[in-house]
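Residue numbers (this note's numbering), protein chains in the order written: chain A, 3 to 247; chain B, 3 to 247.
Protein chains: 2
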Amino acid sequence: MARTPDSELKLLTKAALFAGLTDAQLHTIQHHATLVEVPRRGFFFQQGEAATTFYLIRQGQVRLSQINPEGKQVIIHLFGPGDVMAVIVVLSNAAYPLSAEAITDCIAWAWRRETAVHLMEQFPRLAINGMEMVAQRFQELQNRYRELSTERVEQRVARALVRLIHQRNGYQAQKPYPLLALTRQDLAEMTGTTLYTVSRICSSWEQQGLLETGREQLHIHNLDELTNIADDLRPSLPNLPPKPD
Amino acid sequence: MARTPDSELKLLTKAALFAGLTDAQLHTIQHHATLVEVPRRGFFFQQGEAATTFYLIRQGQVRLSQINPEGKQVIIHLFGPGDVMAVIVVLSNAAYPLSAEAITDCIAWAWRRETAVHLMEQFPRLAINGMEMVAQRFQELQNRYRELSTERVEQRVARALVRLIHQRNGYQAQKPYPLLALTRQDLAEMTGTTLYTVSRICSSWEQQGLLETGREQLHIHNLDELTNIADDLRPSLPNLPPKPD
DNA sequence: CGCATCGTTGATCAAGCTCAAGCCGCGTGG
DNA sequence: CCACGCGGCTTGAGCTTGATCAACGATGCG
Chain A
3 MARTPDSELK
13 LLTKAALFAG
23 LTDAQLHTIQ
33 HHATLVEVPR
43 RGFFFQQGEA
53 ATTFYLIRQG
63 QVRLSQINPE
73 GKQVIIHLFG
83 PGDVMAVIVV
93 LSNAAYPLSA
103 EAITDCIAWA
113 WRRETAVHLM
123 EQFPRLAING
133 MEMVAQRFQE
143 LQNRYRELST
153 ERVEQRVARA
163 LVRLIHQRNG
173 YQAQKPYPLL
183 ALTRQDLAEM
193 TGTTLYTVSR
203 ICSSWEQQGL
213 LETGREQLHI
223 HNLDELTNIA
233 DDLRPSLPNL
243 PPKPD
Chain B
3 MARTPDSELK
13 LLTKAALFAG
23 LTDAQLHTIQ
33 HHATLVEVPR
43 RGFFFQQGEA
53 ATTFYLIRQG
63 QVRLSQINPE
73 GKQVIIHLFG
83 PGDVMAVIVV
93 LSNAAYPLSA
103 EAITDCIAWA
113 WRRETAVHLM
123 EQFPRLAING
133 MEMVAQRFQE
143 LQNRYRELST
153 ERVEQRVARA
163 LVRLIHQRNG
173 YQAQKPYPLL
183 ALTRQDLAEM
193 TGTTLYTVSR
203 ICSSWEQQGL
213 LETGREQLHI
223 HNLDELTNIA
233 DDLRPSLPNL
243 PPKPD
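Here it is, written out as structure tokens:
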């Protein structure tokens, strides 16, 4: 499937996981990888399966979600190109604690557990990079936990949009920053609210000209203002008549 | 300070971080450790400081908490004897993203970053154990995130109590399982609610005979029932008159 | 003894969830 | 090519949960 090793190699180089590795090392690493394709709506793995493989996403978007006994779903993370998926759990040899669903057609490199461990022993740099990415994800989750605990829905949704913009197109895209393949339901499950509330909030923002709404997509016009809302420099209703007594 | 190396060694052996290591290896590891004492209300480290040291708690309870710009605090984790603290962040050479405060007088072993890295290179088993503990913590945080997102306050508080019982005394304690040095405020910050709500819930549980309340302590009488509440086998008000029409 | 910390309880109220109803747009098959 | 249905989205009305505010009681420490 991988017919163009050189350009493949370039793509690998860009991934943060492989920062600081030599071309020769990359070659070895790539040699042990398999290329996996998962179509939209397909699963890389599902909650509860034995964790045998970890992935580096080359193309597409993946939704990492956990489902609770009553069937309510929560989105823990969205992955895009360059992100590594399931490193920790694979190294600890357990079961996947959540499911990874492709929300667009995906291509990813895959390494099996034993291979990964072997490569990391061979190239400690790889283990260190892995650790750093884990640490980052850990901190992001901690932050989101704190936000969920202390902030209001509007702030959290704003924050989610800002994060997605930064993470998905890292500012490269043109001014009406696009967010595609993203339903209101997704946003709700990312921020711990309902699709109704997300819908209302987006509508209100659209009226204020902050963004444009569409089916499975948003286009952000005023990212700064959204960032303000996320940081609670609140532009909204602080109108209490001090004492109606 | 460490005048009794042999018994010290035994304590080290018990820590999950050191599972599978030989006595000789433990000796080396212990040789590089320093013993740290932190009194109640003291800090091991504070949010924002450079992460230089990681700890293995020998005695006492530590509260890992994060504080947001508006000053609201969130408890990410409570540590007790045998737990490792700040492994990830130390290995990734960043700043502590949260603060660690002793809620009782504490004694802990400490290793500096360079030492830790060196030891892990020397004894890969140490790195693997570390990874596994990180993976566990990660999963716990994911679960709590999902709970915060989907469950009601009463469930979350019940869950928090159940977790604390298991984690603190691992069933060894006698039947009215004690939870000490634990304020309503702590419980609130662990479960994303307010101390008022926690107080009401505890009072109600006390009336039902599930536990006994006291200043900075609870004594659990009926752990099973609390577990049921946590799992939403709800013993409470399902009384809708089907149609008052 | 007095102050600080911790806890309880009542009254009030708003944020946001739930339910219901209907719209829009797109893909599919007749 | 059209119509039909499904998945996604919107909006309104009503209601519940749990936050907030306020006042007071209890416990322990210096």
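Where a beta carbon is used, it is the ideal one built from N, C-alpha and C, also for glycine.
Compare the C-beta of residue i against all C-beta atoms of chain A and say whether one is closer than 8 Å.
| i | result |
| --- | --- |
| Gly194/B | yes |
| Phe140/B | yes |
| Pro237/B | Note that Pro237/B scores 45 on pLDDT, short of 50, meaning its location in the model is unreliable and no value can be drawn from it. |
| Val136/B | yes |
| Ala18/B | no |
Consider the Cβ of residue i: report whether some Cβ of chain B lies at a distance smaller than 8 Å.
| i | result |
| --- | --- |
| Ile231/A | no |
| Val200/A | no |
| Pro240/A | Legend: pLDDT at Pro240/A = 38, less than 50; position of this residue unreliable, value from coordinates given subsequently. Cβ-Cβ to chain B under 8 Å: no for Pro240/A. |
| Leu228/A | no |
| Thr6/A | Confidence at Thr6/A is low in this model, with a pLDDT of 48, below 50, so the placement of that residue is unreliable and no value is reported for it. |
Should residue i be labelled buried (16 or more other beta-carbon atoms within 10 Å of its own) or exposed?
| i | result |
| --- | --- |
| Arg158/B | buried |
| Gln63/A | buried |
| Leu182/B | exposed |
| His79/A | buried |
| Ala52/B | exposed |
| Asp233/A | exposed |
| Arg148/B | buried |
| Ala160/A | buried |
| Leu23/A | buried |
| Glu116/B | exposed |
| Gly194/B | buried |
| Ala26/A | exposed |
| Asp188/A | buried |
| Ala162/B | buried |
| Glu218/B | exposed |
| Tyr179/B | buried |
| Arg42/B | exposed |
| Ala190/B | buried |
| Ala17/B | buried |
| Thr15/A | exposed |
| Thr215/B | exposed |
| Asp226/B | exposed |
| Ala21/B | exposed |
Say yes only if the C-beta of residue i is nearer than 7 Å to one or more non-hydrogen atoms of the ligand ADP, and no if none qualify.
| i | result |
| --- | --- |
| Phe46/B | This structure simply doesn't include the ligand ADP, nor any ligand for that matter. |
Would you call the region 160-170 of chain B and the region 121-132 of chain B in contact, with 3 or more CB pairs under 8 Å? no
Segments of 4+ residues assigned as alpha helix (DSSP H) that fall wholly inside the region 155-205 of chain B: 155-171, 186-193
Okay, do the region 97-109 of chain A and the region 92-107 of chain B touch, 3+ Cβ pairs below 8 Å being the bar? no
With 9 Å as the C-beta to C-beta threshold (strictly closer), list the residues of the region 143-159 of chain B near chain A in chain order. Leu143, Gln144, Asn145, Arg146, Tyr147, Arg148, Glu149, Leu150, Ser151, Thr152, Glu153
Are at least three pairs of beta-carbons, each pair with one atom in the region 138-146 of chain A and one in the region 54-69 of chain A, less than 8 Å apart? no
Tell me the start and end of each unbroken beta strand (DSSP E) in the region 46-104 of chain A that is at least 3 residues and wholly inside, in chain order. 55-61, 64-69, 75-81, 101-104
Using a Cβ-Cβ cutoff of 8 Å, what residues of the region 48-80 of chain A are near chain B? List them in chain order. Gln68, Asn70, Pro71, Glu72, Lys74, Val76, Ile78
Can you find at least 3 beta carbon pairs, one from the region 124-138 of chain A and one from the region 77-96 of chain A, that sit closer than 8 Å? yes
Should the region 25-41 of chain A be regarded as contacting the region 109-116 of chain A, the criterion being three or more beta carbon pairs within less than 8 Å? yes
With 9 Å as the limit, tell me which residues of the region 86-106 of chain A have their beta carbon closer than that to any beta carbon of chain B; keep them in chain order. Ile90, Val91, Leu93, Ser94, Asn95, Ala96, Pro99, Leu100
For the region 66-77 of chain B against the region 28-35 of chain B, are there 3 or more C-beta pairs whose distance is under 8 Å? no
Start-end ranges of the alpha helix (DSSP H) lying completely within the region 16-43 of chain B, minimum 4 residues: 25-33
At what residue ranges does the region 96-152 of chain B contain a whole run of the beta strand (DSSP E), taking only runs of 3 or more? 101-104, 108-114
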